[in-house]
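Peer 1: In the numbering used here, the protein residues as written are 457 to 711. For every residue, glycine included, the Cβ atom is placed at its ideal position computed from N, Cα and C. Owing to the predicted nature of the structure, the values given are computational and were not obtained by experimental measurement. Take this structure first; my questions come after.
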Amino acid sequence: MYKFPHAKSIVVSGDIHGDFMPLVNRCCIQYGMTDTVIIVAGDCGFGFEKPCYYDNIYKRCRERLSKANNWTVFVRGNHDNPAYFNLQSMQHKRWMTLPDYSIVKACGHTILCVGGATSIDRTERMNSPCFHVQNPAEPFAPNIYWSDERPFYDEEKIQAISEVAAIDTVITHSSPSFCELNTQQGLFTWAMRDKKLYHDVRQERQVMDDICAYLLARNHPLRYWFYGHFHQSWRYEIDGIQYNMLDNMELRTIY
């Protein structure tokens with residue numbers, strides 16, 4: 457569980473695709489945010505460079521984050537190496553990657569974070585000369601695609617969460633199937649070369665459905681759900697829950 461007792465606000469960001477410094481500058485300088493937990497809802501950009509690259513980025517952002525008393529928290533996307541999240545490699549005071557099914561507590565909110573999605577362009581990525589098969593001995597080797605990118609439903613973890621926390625907010629990379637984006641128009645061309653794509657995308661959304669159904673069945677006080685992935689903006693309330701799809705670098709506050 458990640459606790460931020462001194463935070464006074466929480467902001468969720470859509471995909472940043474490696475734009476770490478622009479995100480920090482936007483929040484700390486352009487908008488003058490202070491005492492804020494900034495949570496990126498996936499596709500952060502971890503894994504395309506060597507680990508030292510991300511350490512250097514943090515060192516360049518650390519003073520600005522510290523001066524504003526802000527924290528940056530990252531949820532796993534499909535364009536992220538899961539090793540940076542599962543192995544908790546980025547665990548600085550003001551800059552941290554979250555393993556799936558992590559809980560964030562701040563400003564009176566208890567937030568469940570679950571990452572992962574399906575890359576619709578995975579065939580192109582795997583055919584690129586920049587792609588290499590993952591080597592367990594080198595989990596942080598730079599790459600452009602990771603076969604374990606999709607979300608997973610972990611009933612054991614979610615049951616354990618129910619015993620210690622009442623979830624009012626969920627932050628994921630993908631979304632439940634009843635939320636936008638619902639059109640499959642953009643999948644057609646990719647599915648011509650990727651016969652499992654439709655199936656895997658449906659499974660991805662089903663995981664989100666299962667998480668939502670579990671929380672509601674156990675009477676969690678669910679009020680907000682934020683996600684990125686689809687590169688569009690949308691907000692709608694369904695059965696008392698406000699669902700928020702965030703465009704790239706879009707920021708929304710959790711009230």
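1. Taking just the CA atoms, how far does residue 484 sit from residue 463?
2. Let me know the beta strand (DSSP E) ranges lying completely inside the segment 654 to 698, each 3 residues or longer, listed in chain order.
3. What residue range is occupied by the uninterrupted alpha helix (DSSP H) comprising residue 561?
4. Does residue 465 come out as helix, strand or coil in the three-state DSSP assignment?
5. Can you tell which of 703, 586, 517 and 656 has its C-alpha closest to the C-alpha of residue 477?
6. Cβ of residue 457 versus every heavy atom of the ligand FAD: is any distance shorter than 7 Å?
7. Would you call residue 639 buried or exposed, if buried means 16 or more other Cβ atoms sit within 10 Å of its Cβ?
8. Quick check on the burial criterion: 16 or more other C-beta atoms within 10 angstroms. Buried or exposed for residue 552?
9. Give every residue of the same chain whose Cβ lies closer than 6 Å to the Cβ of residue 632, excluding the five residues on either side of it in the sequence, and list them in chain order.
10. With three or more C-beta pairs closer than 8 Å as the rule, is the segment 648 to 661 touching the segment 672 to 680?
11. So does the segment 504 to 511 actually touch the segment 566 to 583, counting three or more Cβ pairs closer than 8 Å?
12. Specify whether the segment 584 to 595 and the segment 523 to 534 touch according to this definition: at least 3 beta carbon pairs, one from each stretch, less than 8 Å apart.
13. Got a sec? Which residues, its chain only, sit under 7 Å from residue 586 by beta carbon, not counting five neighbours each side?
14. What residues match up with residue 530 in a beta bridge as DSSP calls it?
15. Residues in the same chain with beta-carbon distance under 6 Å from residue 698, minus the five sequence neighbours each way, listed in chain order, please.
16. Could you please give the first and the last residue of the uninterrupted beta strand (DSSP E) stretch that includes residue 567?
17. Let me check one thing: in DSSP terms, what residues is residue 707 bridge-paired to?
18. Assuming residue 637 contacts residue 469 (C-beta within less than 8 Å), just tell me the rounded distance between them.
19. Over the uninterrupted alpha helix (DSSP H) stretch that includes residue 617, give me the two end residues.
20. Can you list, in chain order, the residues of its chain with a C-beta nearer than 7 Å to that of residue 649? Leave out the 5 residues immediately preceding and following it.
21. According to DSSP, is residue 639 part of a helix, a strand, or is it coil?
22. Nearest to residue 622 by CA position, among 610, 564 and 634, is which residue?
23. Contact defined as beta carbons within less than 8 Å: I believe residue 562 pairs with residue 493. What is the distance between those atoms, to the nearest angstrom?
Peer 2: Per the coordinate set shown:
1. Start at 1 with the first residue of the sequence shown, and residue 463 comes out as number 7. Start at 1 with the first residue of the sequence shown, and residue 484 comes out as number 28. Looking at the two C-alpha atoms, the distance is approximately 14 Å.
2. 680 to 683 and 690 to 694
3. Position 105 of the sequence shown, counted from the first residue, corresponds to residue 561. Residue 561 -> not in any alpha helix (DSSP H); beta strand (DSSP E) instead, spanning 558 to 562.
4. Start at 1 with the first residue of the sequence shown, and residue 465 comes out as number 9. If DSSP states are grouped into helix, strand and coil, residue 465 belongs with the strands.
5. In the sequence shown, the residue the question calls residue 477 occupies position 21. The shortest Cα separation from residue 477 among 703, 586, 517 and 656 belongs to 517.
6. Questions concerning the ligand FAD fall outside what the structure shown contains, since it holds no ligand whatsoever.
7. In the sequence shown, residue 639 corresponds to position 183, counting from 1. Its Cβ having fewer than 16 others within 10 Å, residue 639 is exposed.
8. For the purposes of this step, residue 552 is identified with residue 96 of the sequence shown, where counting begins at 1. Per the 10 Å Cβ criterion, buried.
9. Looking up residue 632 in the sequence shown gives position 176. Contacts found: 664, 665 and 668.
10. no
11. no
12. no
13. As a first step, residue 586 is located in the sequence shown; it is residue number 130 there, counting from the start. 600, listed in sequence order.
14. As a working mapping, residue 530 is identified with position 74 in the sequence shown. In the DSSP output, where bridge partners are listed per residue, residue 530 has 496 and 553.
15. For the purposes of this step, residue 698 is identified with residue 242 of the sequence shown, where counting begins at 1. Answer for residue 698: 680, listed in chain order.
16. Position 111 of the sequence shown, counted from the first residue, corresponds to residue 567. First-last of the beta strand (DSSP E) with residue 567: 565 to 570.
17. On the sequence shown, position 251 is the one that residue 707 refers to. For residue 707, which the question treats as bridged, DSSP gives the partners 469.
18. Residue 637 sits at position 181 when you count from the first residue of the sequence shown. Residue 469 sits at position 13 when you count from the first residue of the sequence shown. The Cβ separation is near 18 Å, so there is no contact.
19. Start at 1 with the first residue of the sequence shown, and residue 617 comes out as number 161. Segment 611 to 620, the alpha helix (DSSP H) holding residue 617.
20. The count along the sequence shown starts at 1 and reaches residue 649 at position 193. Around residue 649: 579.
21. Along the sequence shown, one-based indexing puts residue 639 at 183. Coil, per DSSP.
22. Here the question's residue 622 lines up with position 166 in the sequence shown. Cα-wise, what sits closest to residue 622 is 564.
23. Residue mapping note: residue 562 aligns to position 106 of the sequence shown, counting from 1. Residue mapping note: residue 493 aligns to position 37 of the sequence shown, counting from 1. Correct: roughly 5 Å between the Cβ atoms.
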